[in-house]
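Written below as structure tokens is the structure these notes are about.
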Amino acid sequence: MISDNHNIYSNYIDEYELTDGYAVVDSNFSIVTANEPMYMFLGMSKHYSIIDSIHQVDLDDFIDVANSLKSDILKCMCIRMRRVDNTYRWVLVDIEKKYISDNKQSEYLELHISDVLVMKKLNIQLKLKLDELNNKSDEHNVMTFTLQEPDIKKYCIDNISNDAGCRLALIYFEVDNINIFKQNHSKDDIHRISHVIEDVILNTVNGRGVIGFLDDFRYTIILKHINNEVQLRAFLEHIRTMIAWNCKFIDSTYNISFSIGIARYPENGKNLDIIKIKLQRAIDIARAKGGNRYIIYKEVLHGEIEDSDK
Numbered sequence: 010m011i012s013d014n015h016n017i018y019s020n021y022i023d024e025y026e027l028t029d030g031y032a033v034v035d036s037n038f039s040i041v042t043a044n045e046p047m048y049m050f051l052g053m054s055k056h057y058s059i060i061d062s063i064h065q066v067d068l069d070d071f072i073d074v075a076n077s078l079k080s081d082i083l084k085c086m087c088i089r090m091r092r093v094d095n096t097y098r099w100v101l102v103d104i105e106k107k108y109i110s111d112n113k114q115s116e117y118l119e120l121h122i123s124d125v126l127v128m129k130k131l132n133i134q135l136k137l138k139l140d141e142l143n144n145k146s147d148e149h150n151v152m153t154f155t156l157q158e159p160d161i162k163k164y165c166i167d168n169i170s171n172d173a174g175c176r177l178a179l180i181y182f183e184v185d186n187i188n189i190f191k192q193n194h195s196k197d198d199i200h201r202i203s204h205v206i207e208d209v210i211l212n213t214v215n216g217r218g219v220i221g222f223l224d225d226f227r228y229t230i231i232l233k234h235i236n237n238e239v240q241l242r243a244f245l246e247h248i249r250t251m252i253a254w255n256c257k258f259i260d261s262t263y264n265i266s267f268s269i270g271i272a273r274y275p276e277n278g279k280n281l282d283i284i285k286i287k288l289q290r291a292i293d294i295a296r297a298k299g300g301n302r303y304i305i306y307k308e309v310l311h312g313e314i315e316d317s318d319k
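Residue numbering for the sequence shown is 10 to 319, as defined by the working numbering.
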């Protein structure tokens, strides 16, 4: 039974404005990876074709441009794309054809997409902000910190103590099949994989929380104010697919996969020790199901944990 002190938050998102969408699309126009704004705009996390979101009037033009592109030639076009709320938006699309390791059989498209009207509005807002900044002193910048595991709990406690409305997502992240890669690759390649994973995680968190680098390709991420399930899934899907995509440039045959567990404060309660147990159960469930998935702990699905269970 879900305890009465659990705060319930709606998964409804009322802003889908796309200002810096990025997607990698294969030769069949399926999305290989995308950034969070793109996943939020499309409303789908995986197994999605980019052509499904393009207006029928513009579809032939888009396909003609994509098929006629030469390597490393950038083309820009303006088309209508369907947003997650089923409205069509005029967007600017920069399209570039590339290849993995000069293999002509492994071509892909890089797309950079921005909503035309949103760009105009942001241009006005940017001018106003720049004017404001000229009259203000520099403020302290939020940074992404890397912490050891004992410091993670203190970070959570400090944030909860200083912010009555604090919301935290605790994420445990591990590579399922790293031993397969280790058996067939050099130490340099293993180091490159590690660098790819850490670089993607750091760039994605980007000031929104902290990261704990554990041993043997295991990581802890604490996110602030990203508890909404839609936002969380976009965050996780971006990390998973972006790491997998970059690993293809190290070994195109290696299909890296991850087991990820997520518990949230205060959705899963306000006792951090209990939340930690729920986080462990979430990752155990992901492993038991064969890995290559993420589990967001929900009492209605995975059971409540009382203090006596600690």
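Here a beta-carbon is modelled for each residue, glycine too, at the ideal position from N, C-alpha and C.
Counting along the chain, no alpha helix (DSSP H) covers T28, and no H or E run does either. Secondary structure note for L101: its beta strand (DSSP E) is the uninterrupted segment 97-108. With a cutoff of 8 Å on beta-carbon distance, L232 and I180 are scored as near each other. 8 Å or more divides the Cβ of L120 from the Cβ of I109. In this structure, the beta-carbon distance from C85 to V125 does not fall below 8 Å.
In this structure, the beta-carbon distance from R92 to F50 falls below 8 Å. Straight across, the Cα-Cα distance linking D167 with C175 is about 10 Å. Short of 6 Å from the beta carbon of I283, and not among the five residues preceding or following it, lie these beta carbons of its own chain, in chain order: I314. For the pair I63 and I40, the CB atoms are not nearer than the 8 Å cut-off. For R296, the CB contacts under 7 Å within the same chain, skipping 5 residues up- and downstream, are S268 in chain order. For S268, the enclosing beta strand (DSSP E) starts and ends at 267-274. The stretch 252-271 and the stretch 67-82 do not touch, with fewer than three beta-carbon pairs separated by less than 8 Å.
Rounded to whole angstroms, the gap between the alpha carbons of K130 and G312 is 46 Å. If you compare the alpha carbons of D35, E26, K298, D29 with that of W254, the shortest gap goes to D35. Taking 8 Å as the upper bound for CB-CB distance, L135 and A178 are not in contact here, some 30 Å apart. Straight-line spacing of the CA atoms in N277 and Y117 works out to 41 Å. Separation of the CB atoms of M90 and V100 is rounded to 5 Å, and the pair is thereby assigned contact status at 8 Å. Cβ atoms of R290 and Y306 come within 8 Å of each other, at about 7 Å. Nearest C-alpha to R249 among K162, D208, G221, L310: D208. The C-beta separation of I220 from I230 comes to about 6 Å, placing the pair in contact by the 8 Å criterion. The three-state reading of DSSP puts F71 in helix, counting H, G and I together. About 5 Å separates the Cβ atoms of R201 and I259, confirming a contact at the 8 Å cut-off. The beta strand (DSSP E) runs of length 3 or more contained entirely in the stretch 160-243 are, from start to end of the chain, 177-184, 218-222, 227-233.
Looking at the DSSP output, L120 bridges to A32, I104. Under the DSSP assignment, L83 falls in the beta strand (DSSP E) whose first and last residues are 83-91. Beta-carbon to beta-carbon, S123 and K106 are separated by about 20 Å, too far to satisfy the 8 Å threshold.
In this structure, L281 is the residue among V33, V309, L281 with its C-alpha nearest to the C-alpha of K163.
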